[in-house]
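For the sequence shown, position 33 matches number 35 in the numbering used here, and the numbering has no gaps at all.
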Amino acid sequence: MGGADHVQILGIAGFYAQKGVTLQKSVYLKSIVKEHIAVREIDATKALPVMEHFYTIQGEGRYQGAAAYFIRLAGCDVGCVWCDVKESWDRDEHPIMEIDFLVEKVAKTPAKIVVITGGEPLMYNLDTLTKRLQGAGFRTHIETSGAHPLSGQWDWFCLSPKKFKAPLPECTAVASELKIIVFNKSDFAWAELYQQEVPQDCHLYLQPEWSKSEQMIPLIVDYVKLHPEWRVCLQSHKFMEIP
Ligand code: SF4
């Protein structure tokens, strides 16, 4: 953080202190200011916050079983209670990596597919990242809640809408794959709601939330037998114990 930003935080916190704002609220307000500064500091045409990046096997959905390079962007404001990557939520806890560096890393592997995931990757404008990856000959896939404005050029768009922050119509309109995480019985009605929103040729998947698999798999199996346009999706990478 630069000196000017530091002064800015102190100045705003001091202002609220003068107004009699409690310490707890002051810390909260400072966190908002910090987030604002972090947004300003990320130039998505050059670099992005990255929690991890690795070459592995896609464990889910239409491309399940295919080798793919994963880039997990840091930062998420969706807040799913059952999220299994909560450590991705705070982007300030992760390094900002140059797009050039990421493309070079991918190019050192035999990967053909690059999956951009998160966190919530659409918190950032992904036009430059995807243009660079496609320009280097890679397929660009995304896994997103769709809760932020659409950006990027995508060869495959996996939409996984979350009840905690609804997807935008511009994202449901381009879904190649709809993946609904089934955490309880009401998620089947939620799935049907979004089935109406996505394109007709969109692939439809029901995936049990990992910790609820035992209870939800029998319900998903029964549902798919009655509604064969849907498919069961399991997180096969977890069974293979790979990232
Ligand atoms: S959108 Fe993804 S990363 Fe964000 S809270 Fe939900 S499951 Fe976690």
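Where is the CB? At the ideal position from N, CA and C, for every residue including glycine.
Model, not experiment: these values are computed from the prediction.
Collapsed DSSP secondary structure at residue i in the structure displayed
i: A70; result: strand
i: T146; result: strand
i: C204; result: coil
i: W156; result: coil
i: H38; result: Unreliable placement is indicated for H38, whose pLDDT of 44 sits below 50; no coordinate value is reported for it.
i: Q209; result: strand
Contact under 9 Å by Cβ, residue i with residue j
i: T130; j: A193; result: no
i: E145; j: K167; result: no
i: S147; j: V80; result: yes
i: A138; j: C160; result: no
i: H205; j: G61; result: no
i: I73; j: V52; result: yes
i: K110; j: F140; result: no
Sequence-distant residues of the same chain with beta carbon closer than 6 Å to residue i, five excluded per side
i: T24; result: At T24 the pLDDT is 41, less than 50, meaning the model places this residue with poor confidence and gives no usable figure here.
Sequence-distant residues of its chain with Cβ nearer than 7 Å to residue i (five each side left out)
i: V234; result: L208, I222, V223, V226
i: H96; result: P51, V52, M53, A76
i: G63; result: C160, E179, K181, Y207, C235
Proximal residues to residue i (C-beta, below 8 Å), its chain only, five neighbours per side dropped
i: Q155; result: D129, T132, K133, Q136, T142
Reference residue i; option with closest CA among the options
i: T58; options: R64, A70, V52; result: A70
i: E54; options: N127, C85, I98, C82; result: I98
i: F56; options: V105, G63, C78; result: V105
i: V184; options: P169, L170, S213, V200; result: S213
i: A49; options: S90, D102, G121, A68; result: D102
i: G77; options: L195, I44, G121, E216; result: G121
i: L195; options: S215, P171, S90; result: P171
i: P151; options: K164, N186, L124; result: L124
Discussion item. Please give the ranges of any alpha helix (DSSP H) in the region 49-135, keeping only runs that are unbroken, at least 4 residues long and fully inside the region.
Written reply: Runs found: 101-109.
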